[in-house]
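Visitor: Questions regarding the structure given below will be posed in turn.
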């Protein structure tokens, strides 16, 4: 029992001695050495390309739509709620479309109509041409939008507009 303990103590003393010598190849901390700065290779041809943004590939299944949202305003806004949450608020708007099956519903901010203390949004959706329905549930849409406390600073009124009406919430 004395022999293994003695060898363990001698090995520990020997390896701790290697830590004081920076150039020792027996010290496992020095096996790869310290890092050295390398000059970055400049790619002049792709200097304006951000490597963190993936390149868009051409796909047979993807429809190459323009970047602008081509939604139409929802016919009538039926409900508007602003739910306070830590760090901001959720604006939840419900509306009735004029046709069945609206999709890709968005609250689009209108900066031109927004003034001091008033935020104005348009409730828009993509709608396919089709029959008009008398069933209101088939035409109902709901969308939410997160607004931070910084964006809400100084805002007294939030308005959501549709094609035929608008609803407002005041503080």
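Numbering (the working numbering), first residue to last: 315 to 485. Heads up, the beta-carbon is just placed ideally off N, CA and C, and yes, glycines get one too.
Exposed or buried, which one is residue 442 when buried takes at least 16 other CB atoms within 10 Å?
Guide: Here residue 442 is taken as the residue at index 128 of the chain shown, counted from 1. By the neighbour-count rule (16 or more Cβ atoms within 10 Å), residue 442 is not buried but exposed.
Visitor: Roughly how far, in whole angstroms, is the beta-carbon of residue 423 from the beta-carbon of residue 463, given that I think they are within contact range, below 8 Å?
Guide: The residue labelled residue 423 in the question sits at position 109 within the chain shown. The residue labelled residue 463 in the question sits at position 149 within the chain shown. Rounded, the Cβ-Cβ distance is 17 Å, inconsistent with contact.
Visitor: Once you ignore the five residues that flank residue 427 on each side, which residues in its own chain have a CB closer than 7 Å to its CB?
Guide: Within the chain shown, the letter at position 113 stands for residue 427. The answer, listed in chain order, is 434.
Visitor: Starting from residue 452, follow the alpha helix (DSSP H) in both directions and report where the run begins and ends.
Guide: Counted from its first residue, the chain shown places residue 452 at position 138. Residue 452 -> alpha helix (DSSP H) spans 450–453.
Visitor: Among 456, 325, 362 and 367, whose alpha-carbon lies nearest the alpha-carbon of residue 391?
Guide: The residue you call residue 391 lines up with position 77 of the chain shown. The candidate whose alpha carbon is nearest that of residue 391 is 456.
Visitor: Apart from the five residues on each side of it in sequence, which residues of its chain come closer than 6 Å, Cβ to Cβ, to residue 481?
Guide: If you number the chain shown from 1, residue 481 lands on position 167. Closer than 6 Å at Cβ, skipping near neighbours: 391, 394 and 474.
Visitor: Once DSSP output is grouped into helix, strand and coil, what is the label at residue 441?
Guide: Counting from one through the chain shown, the residue named residue 441 turns up at place 127. Here residue 441 sits in coil by DSSP.
Visitor: Start and end of the alpha helix (DSSP H) containing residue 466?
Guide: Mapped onto the chain shown, residue 466 falls at position 152. Counting along the chain, the alpha helix (DSSP H) containing residue 466 begins and ends at 463–466.
Visitor: Beta-carbon separation of residue 389 and residue 410 under 8 Å?
Guide: In the chain shown, the residue the question calls residue 389 occupies position 75. In the chain shown, the residue the question calls residue 410 occupies position 96. The answer is yes: Cβ separation under 8 Å.
Visitor: Who does residue 475 pair with in a DSSP beta bridge?
Guide: Looking up residue 475 in the chain shown gives position 161. Looking at the DSSP assignment, residue 475 forms a beta bridge with 436 and 480.
Visitor: Report all residues from its chain with a CB closer than 6 Å to the CB of residue 419; omit the five preceding and five following residues, and keep chain order.
Guide: On the chain shown, position 105 is the one that residue 419 refers to. If we look at residue 419 and ignore the five residues flanking it on each side, its Cβ neighbours are 439, 455 and 457.
Visitor: Restricting to Cα atoms, I'd like to know which of 446, 437 and 362 is closest to residue 479.
Guide: Locating residue 479 in the chain shown gives position 165, counting from the first residue. Residue 437 is the option with its Cα nearest to residue 479.
Visitor: Give the DSSP-derived three-state secondary structure of residue 407 in the structure shown.
Guide: Start at 1 with the first residue of the chain shown, and residue 407 comes out as number 93. Here residue 407 sits in strand by DSSP.
Visitor: To the nearest angstrom, how far is it from the Cα of residue 399 to the Cα of residue 461?
Guide: Position 85 of the chain shown holds residue 399. Position 147 of the chain shown holds residue 461. Rounded to the nearest angstrom, the two C-alpha atoms are 10 Å apart.
Visitor: Look at the alpha carbon of residue 354 and the alpha carbon of residue 465, and state the distance between them as a whole number of angstroms.
Guide: Translated into the one-based positions of the chain shown, residue 354 becomes position 40. Translated into the one-based positions of the chain shown, residue 465 becomes position 151. With a pLDDT of 45 at residue 354, under the threshold of 50, the modelled position of that residue is not reliable, and the figure given next carries that caveat. For residue 354 and residue 465, the distance between alpha carbons rounds to 39 Å.
Visitor: On the three-state DSSP scale, how would you describe residue 469?
Guide: Looking up residue 469 in the chain shown gives position 155. Three-state DSSP puts residue 469 in coil, outside helix and strand.
Visitor: Ordered along the chain, which non-local residues of its own chain (more than five positions away) have a Cβ less than 7 Å from that of residue 417?
Guide: Within the chain shown, residue 417 is the residue found at index 103, counting from 1. Excluding sequence neighbours, residue 417 sits near 439 and 440.
Visitor: Under the assumption that residue 432 contacts residue 471 (Cβ atoms under 8 Å), give the Cβ distance between them as a whole number of angstroms.
Guide: As a first step, residue 432 is located in the chain shown; it is residue number 118 there, counting from the start. As a first step, residue 471 is located in the chain shown; it is residue number 157 there, counting from the start. Confirmed, Cβ separation roughly 5 Å.
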